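Visitor: One structure coming up, written as structure tokens, with questions to follow.
There are 2 protein chains.
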Amino acid sequence: MVTMAAPLAAALDGTTPLYREVKRLLTRALADGRWAPGEALPSESRLAATFGVSIGTLRKAVDELVAERVLVRRQGSGTFVATHGASRYLFHFFHVVPEDGDRVLPEPELLAFERGRATPDEAAKLGLAAGERVHRFSNLLRIAGAAVALDEIVLPHRIAPDLTERVLRERASTIYHLYQVRYGVNVVRAVERLRARIAARAEARTLELEPSAAVLEIRRLALTYHDRPVELRRSVVNTLHHEYFADIGGISGTSAGAGADTGAGAA
Amino acid sequence: MVTMAAPLAAALDGTTPLYREVKRLLTRALADGRWAPGEALPSESRLAATFGVSIGTLRKAVDELVAERVLVRRQGSGTFVATHGASRYLFHFFHVVPEDGDRVLPEPELLAFERGRATPDEAAKLGLAAGERVHRFSNLLRIAGAAVALDEIVLPHRIAPDLTERVLRERASTIYHLYQVRYGVNVVRAVERLRARIAARAEARTLELEPSAAVLEIRRLALTYHDRPVELRRSVVNTLHHEYFADIGGISGTSAGAGADTGAGAA
DNA sequence: AAGTGGTCTAGACCACCAT
DNA sequence: TGGTGGTCTAGACCACTTA
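The listed protein sequences derive, respectively, from chains S and U.
Position 177 of the first sequence, counted from 1, bears residue number 159 in my numbering, the numbering being contiguous throughout.
Position 7 of the second sequence, counted from 1, bears residue number -11 in my numbering, the numbering being contiguous throughout.
Structure representation (structure tokens):
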């Protein structure tokens, strides 16, 4: 039997809603890896009993985690920990799309892998001590054979202590799926800043662009539960035939919008 | 008394959830302008009685509209039609931010205004007949005095029949606020595609950039209820000191995330 | 004080999935 | 067939706003 009911009553300060408290406990259990990615949680009635709340309250907590794409409900089957490998999530954190045609996943090619120390700036953004150990690696992403993006990734060593070049080369799915299944770290959010700039000579060469072509630079901070930083990434994108796609105010996790086609064919 | 209960029973095909049907009716009433922007809807108990459903069901419909930022709840006060002029929504559709420092609204300067006909491409994207009448106008946006973006906007004439240069110059708030209060059209979603390219000579001049500098081009289609197209827009952004900001998987309308700072300080 | 939304509960019934 | 999530209901109580 799951035993996490104890802190519930203690945290009842009188103002925090019960379902928020339940959500907090569920999130903590998830962060602690109590259930593996893709694994089913106990049923809602069981969870409700465990926490000592009604099903309605339990459902409201789960509702929010589903809206945040942390959990997935399957009617008749159960509630599961969302997986980055599932088709529905493959594009959630990859917004570069062909200017026409369907989304496809890029094929990565590992260009470099090394270990180093976090710069002061990196340490600040990743919440590390100055000079803490990090992995640095870079990938060239191809879509249908064309070089589209160049990623430079900084990952704290302590998150993935046994990461090697080989592990990265042999991964089957996305990097975030790797983080999830191998290191128990679930990226649930990312904050990105984009700008246009002239490509450096080496970048232009790698991306099969003319010298001094314009490229899209994306700087991303990936976060896990409780907004804890996981990874720092800088992508340089060749936008001659691909674009960065953003849907503002679109339906995300609420499963609303059923019946209306999402009209993703944009300007 | 509000009278929209009739279609409810008719649409009960046995599979559509009641709350979805209620949501559909509410959305239609909103699209018809039954309540003005900023105006309060009838209370939840009144609406529930009107539709002949329980409060719980009514609330679930409203929940989704609140998550989509169409409605706003204020405890003790009522449920209101969201307004683009409200501070909380000012930045929802404006994602260009200073590379450091706080978000501020840009000051627009109207550069051109004319009427014309939709090109075939524009007509297709805006759902117009070929050659239908449109307004075309462009704005230069400044932030703290610096030229940051150049907008070229195409708006169907039939959406804003009496739009003039003067109306645009005298608007007090954002353009979407103008659409909302003057034309009863509520932009609730936008789909954007971004790419980097070299600035045209005139663009570089206007944006105070060197010739052949890199700029960020944003092509946006703005949509209202039921994903009906409203406006087509092309923005060219000087990203020397400003960036495009995107929050993937961040908390949006659910009012979740209370207690955790959003850590918007990204890479 | 009256009216509003916010929370929490308990229970019934349905749709779906696995077996 | 039994268990799961999905929907819908009815009612109690609370927190907040407004006058």
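Every residue gets a Cβ at the ideal spot worked out from N, C-alpha and C, and that includes glycine.
Quick caveat: nothing in here was measured; it's all calculated off a predicted structure.
(1) Is there a C-beta anywhere in chain S that falls below 8 Å from the one on tyrosine 158 of chain U?
(2) Note down, in chain order, every chain U residue with its Cβ under 8 Å from the Cβ of histidine 74 of chain S.
(3) Can you name, in chain order, every residue of its own chain whose Cβ lies under 7 Å from the Cβ of arginine 55 of chain S, other than the five neighbours on each side?
(4) Name the DSSP beta bridge partners of glycine 98 of chain U, please?
(5) If the cut-off is 9 Å on Cβ atoms, which residues from the stretch 186 to 200 of chain S count as contacting chain U, listed in chain order?
(6) My guess is that tyrosine 165 of chain U and isoleucine 141 of chain U are in contact by the Cβ rule of under 8 Å, so how many angstroms apart are they, rounded?
(7) Taking serine 217 of chain S as part of the beta strand (DSSP E), name the residues at either end of that continuous run.
(8) Residues of chain S with CB under 7 Å from isoleucine 135 of chain U, in chain order?
(9) Determine the closest residue to glutamate 147 of chain S out of S/Phe119, S/Val167, S/Arg124 and S/Leu123, with distance taken between C-alpha atoms.
(10) Just mark histidine 190 of chain U as buried or exposed, buried being the case when its beta carbon has 16 or more other beta carbons within 10 Å.
(11) Return the Cβ separation of leucine 100 of chain S and leucine 108 of chain S in integer angstroms, given the expectation that the two are a contact with Cβ distance under 8 Å.
(12) Ignore the nearest five residues each way along the sequence and tell me which others in asparagine 168 of chain S's own chain have a CB closer than 6 Å to its CB.
(13) Just checking: is the beta-carbon of threonine 39 of chain S within a distance shorter than 8 Å of some beta-carbon in chain U?
(14) Which residues in the same chain as valine 35 of chain S place their Cβ atom closer than 7 Å to its Cβ, once the five residues preceding and following it in sequence are excluded?
(15) Alpha carbon to alpha carbon, how far is alanine 248 of chain U from alanine 204 of chain S?
(16) Does DSSP classify threonine 146 of chain U as helix, strand or coil?
(17) Can you tell which of U/Tyr226, U/Val130, U/Glu50 and U/Pro90 has its C-alpha closest to the C-alpha of leucine 150 of chain U?
(18) Consult DSSP for glutamate 21 of chain S and reduce its assignment to one of helix, strand or coil.
(19) Sort out for me which residues DSSP pairs asparagine 121 of chain S with in a bridge.
(20) Quick one: does glutamate 50 of chain U have its CB under 8 Å from some CB of chain S?
(21) If you reduce the DSSP assignment to three classes, tell me which class valine 44 of chain S lands in.
(22) Assuming alanine 105 of chain S and glutamate 96 of chain S make a contact with CB atoms under 8 Å, what is their CB distance in whole Å?
(23) Please confirm whether leucine 72 of chain U and threonine 156 of chain U have their CB atoms less than 8 Å apart.
(24) Indicate the three-state DSSP secondary structure (helix, strand or coil) for histidine 224 of chain U in the structure shown.
Guide: Checking against the coordinates, here is how it stands:
(1) As a position in the second sequence, residue 158 of chain U is number 176, starting the count at 1. Chain S contact via Cβ: absent.
(2) Walking along the first sequence from the start, residue 74 of chain S turns up at place 92. Within chain U, the residues placing a beta-carbon under 8 Å from that of histidine 74 of chain S are Ile230 and Gly231, ordered along the chain.
(3) Within the first sequence, residue 55 of chain S is the residue found at index 73, counting from 1. The residues are Val48 and Thr61.
(4) Numbered from its first residue, the second sequence carries residue 98 of chain U at position 116. The partner list for glycine 98 of chain U (beta bridge, DSSP) reads U/Val116.
(5) Within the stretch 186 to 200 of chain S, the residues whose Cβ lies closer than 9 Å to some Cβ of chain U are Ser194, Ala195, Ala196, Val197, Leu198, Glu199 and Ile200, listed in chain order.
(6) Mapped onto the second sequence, residue 165 of chain U falls at position 183. Mapped onto the second sequence, residue 141 of chain U falls at position 159. Tyrosine 165 of chain U to isoleucine 141 of chain U, Cβ: 6 Å. Contact.
(7) As a working note, residue 217 of chain S is residue 235 in the first sequence. Segment 210 to 219, the beta strand (DSSP E) holding serine 217 of chain S.
(8) Indexing the second sequence from 1 puts residue 135 of chain U at position 153. Taking a Cβ-Cβ threshold of 7 Å, none of the residues of chain S is close to isoleucine 135 of chain U; the smallest such distance is about 11 Å.
(9) The residue you call residue 147 of chain S lines up with position 165 of the first sequence. For the residues S/Phe119, S/Val167, S/Arg124 and S/Leu123, the minimum Cα distance to glutamate 147 of chain S belongs to S/Phe119.
(10) For the purposes of this step, residue 190 of chain U is taken as the residue at position 208 of the second sequence. First, the amino acid is wrong: residue 190 of chain U is glutamate here, not histidine. Classification for glutamate 190 of chain U: exposed.
(11) Counting from one through the first sequence, the residue named residue 100 of chain S turns up at place 118. Counting from one through the first sequence, the residue named residue 108 of chain S turns up at place 126. Checking the sequence, you will find alanine at residue 100 of chain S rather than leucine. Their Cβ separation, rounded to whole angstroms, is 7 Å, which keeps alanine 100 of chain S and leucine 108 of chain S in contact under 8 Å.
(12) To locate residue 168 of chain S, count along the first sequence from 1; it is residue 186. Contacts found: Gln162 and Thr206.
(13) As a position in the first sequence, residue 39 of chain S is number 57, starting the count at 1. Threonine 39 of chain S is outside the set of residues whose beta carbon lies under 8 Å from a beta carbon in chain U.
(14) Here residue 35 of chain S refers to the residue found at position 53 when the first sequence is read from its first residue. If we look at valine 35 of chain S and ignore the five residues flanking it on each side, its Cβ neighbours are Leu0 and Val4.
(15) Translated into positions along the second sequence, residue 248 of chain U becomes position 266. Translated into positions along the first sequence, residue 204 of chain S becomes position 222. Since pLDDT at alanine 248 of chain U reaches only 33, below the 50 mark, its modelled position is unreliable, and no value is offered.
(16) On the second sequence, residue 146 of chain U is found 164 positions in, with the first residue counted as 1. Under the three-state reduction of DSSP output, threonine 146 of chain U falls in the coil class, being neither helix nor strand.
(17) If you number the second sequence from 1, residue 150 of chain U lands on position 168. Residue U/Pro90 holds the alpha-carbon nearest to the alpha-carbon of leucine 150 of chain U among U/Tyr226, U/Val130, U/Glu50 and U/Pro90.
(18) As a first step, residue 21 of chain S is located in the first sequence; it is residue number 39 there, counting from the start. Coil.
(19) Counting from one through the first sequence, the residue named residue 121 of chain S turns up at place 139. Beta-bridge pairing links asparagine 121 of chain S to S/Leu92 and S/Asp133.
(20) Counting from one through the second sequence, the residue named residue 50 of chain U turns up at place 68. Taking Cβ atoms only, chain S reaches closer than 8 Å to glutamate 50 of chain U, which makes this a yes.
(21) Counted from its first residue, the first sequence places residue 44 of chain S at position 62. Three-state DSSP puts valine 44 of chain S in a helix.
(22) In the first sequence, residue 105 of chain S corresponds to position 123, counting from 1. In the first sequence, residue 96 of chain S corresponds to position 114, counting from 1. Contact doesn't hold; Cβ gap of about 17 Å is too wide.
(23) Position 90 of the second sequence, counted from the first residue, corresponds to residue 72 of chain U. Position 174 of the second sequence, counted from the first residue, corresponds to residue 156 of chain U. Against a cut-off of 8 Å, the Cβ pair of threonine 156 of chain U and leucine 72 of chain U comes out as a contact.
(24) As a working note, residue 224 of chain U is residue 242 in the second sequence. The answer is strand: DSSP assigns histidine 224 of chain U an E or B state.
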